[in-house]
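Oh and the sequence shown: position 189 is 189 in the numbering used here, straight run, nothing missing. Glycine included, every Cβ here is placed at the ideal spot set by N, Cα and C. Structure record follows, encoded as structure tokens.
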Amino acid sequence: MPALFSLGVIVLSDAERLLAARSDLSRLLAACFYEPGPEFAEEKMFDAIVAAAKDIAPDLGAAARRLAAAFTADDLQTLLIDYTRLFLAPEGALAQPYGSVWLTGAQPLMQESTLDVIALYAEGGFELADDFRDLPDHIAAELEFLYTLIFREVQALRQGDADVAAAVGALRRRLLTEHLGRSIPPFATAMRAGAQTAFYRELATLTALFIEREDAIT
1 MPALFSLGVI
11 VLSDAERLLA
21 ARSDLSRLLA
31 ACFYEPGPEF
41 AEEKMFDAIV
51 AAAKDIAPDL
61 GAAARRLAAA
71 FTADDLQTLL
81 IDYTRLFLAP
91 EGALAQPYGS
101 VWLTGAQPLM
111 QESTLDVIAL
121 YAEGGFELAD
131 DFRDLPDHIA
141 AELEFLYTLI
151 FREVQALRQG
161 DADVAAAVGA
171 LRRRLLTEHL
181 GRSIPPFATA
191 MRAGAQTAFY
201 RELATLTALF
211 IEREDAIT
């Protein structure tokens with residue numbers, strides 16, 4: 001009999017618990033690619049990242065603990081400067097956070113890969129928030145889409161709907177095979193090379209490890 005994990009009145013099987021941890025980690029990593037602010041600490045985001053990561057695999061748990069420690073090593077102003085250099089610098093951002101840059105080598109101006117990911121969003125019923133002011137293939141948006149898809153798999157399994165779980169899983173695999181699984185490795189390499197803070201180097205490592213594991217799931 002499989003072990004069960006109780007969360008209030010909801011009881012999760014081992015498989016559902018793993019899916020829930022994967023969805024949580026995807027959502028939380030997405031948040032790390034927004035501008036760093038005091039809410040990162042106030043909302044105990046890194047405690048949640050460590051909890052989700054260690055439920056997935058020991059190597060992810062270890063990487064998440066390094067990320068949590070690195071966040072406290074520098075003040076927010078230092079992190080903000082590094083964030084700007086890496087992702088926002090108007091001339092030569094060191095690690096542009098757009099899938100199209102790493103898939104095509106072109107500037108992120110609605111390339112074919114960007115249109116492809118928009119089509120995936122539409123197929124999955126995913127809409128970017130009205131206040132999202134960046135391009136659709138920003139890493140945060142793609143990670144949030146991955147979170148949404150894994151979360152829907154959890155729901156479908158909980159409801160015993162194998163057909164929906166399979167359909168959502170197929171869309172998740174396309175997102176990874178066609179987009180995140182291809183763009184994250186070079187993006188993470190650029191982050192590690194360009195970052196001046198341990199936090200962004202560790203964020204690159206954890207994100208790459210997570211996506212590598214997700215991309216291997218059938």
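Beta-carbon proximity list for residue i, same chain, < 7 Å, skipping 5 on both sides
i      : result
Leu79  : Pro36, Thr197, Phe199
Ile150 : Leu19, Arg22, Ser23, Ser26, Arg172
Met1   : Low per-residue confidence applies at Met1: pLDDT is 32, beneath 50, and the placement is therefore not dependable, though the value from the model is reported in the following sentence. Cβ within range, chain order: n/a, list empty.
Ala190 : Leu94, Ala95
Whole-angstrom distance between residue j and residue i, CA atom to CA atom
i      : j      : result
Arg133 : Leu28  : 19 Å
Asp163 : Glu153 : 10 Å
Ala52  : Ser13  : 16 Å
Gly125 : Ser26  : 18 Å
Glu16  : Asp55  : 12 Å
Thr114 : Trp102 : 11 Å
Among the options, the one whose alpha carbon lies nearest that of residue i
i      : options                        : result
Gly99  : Ala89, Asp24, Gly92, Gln111    : Gln111
Ala69  : Ile211, Leu209, Leu203, Thr207 : Leu203
Leu120 : Ala156, Arg201, Arg174         : Arg174
Same chain, Cβ closer than 6 Å to residue i, neighbours up to 5 away in sequence not counted
i      : result
Leu176 : Glu214, Asp215
Ser6   : Residue placement at Ser6 is poorly supported in this model, since its pLDDT is 38, which falls under 50; the coordinates still yield a value, given next. Excluding sequence neighbours, Ser6 sits near nothing in its chain.
Ala20  : Val154
Ala30  : Ala140, Leu143, Glu144
Test: residue i CB closer than 8 Å to a CB of chain C
i     : result
Arg22 : Included in the structure is just one protein chain, with no chain C present.
*Would the region 180–193 and the region 207–218 be scored as touching if the rule is three or more Cβ pairs under 8 Å?*
yes
*Contiguous alpha helix (DSSP H) assignments of at least 4 residues, all confined to the region 159–205*: 162–175, 181–194
*Let me know the alpha helix (DSSP H) ranges lying completely inside the region 83–135, each 4 residues or longer, listed in chain order.*
99–104, 112–123
*Do the region 128–142 and the region 62–81 make contact, defined as three or more Cβ pairs closer than 8 Å?*
no
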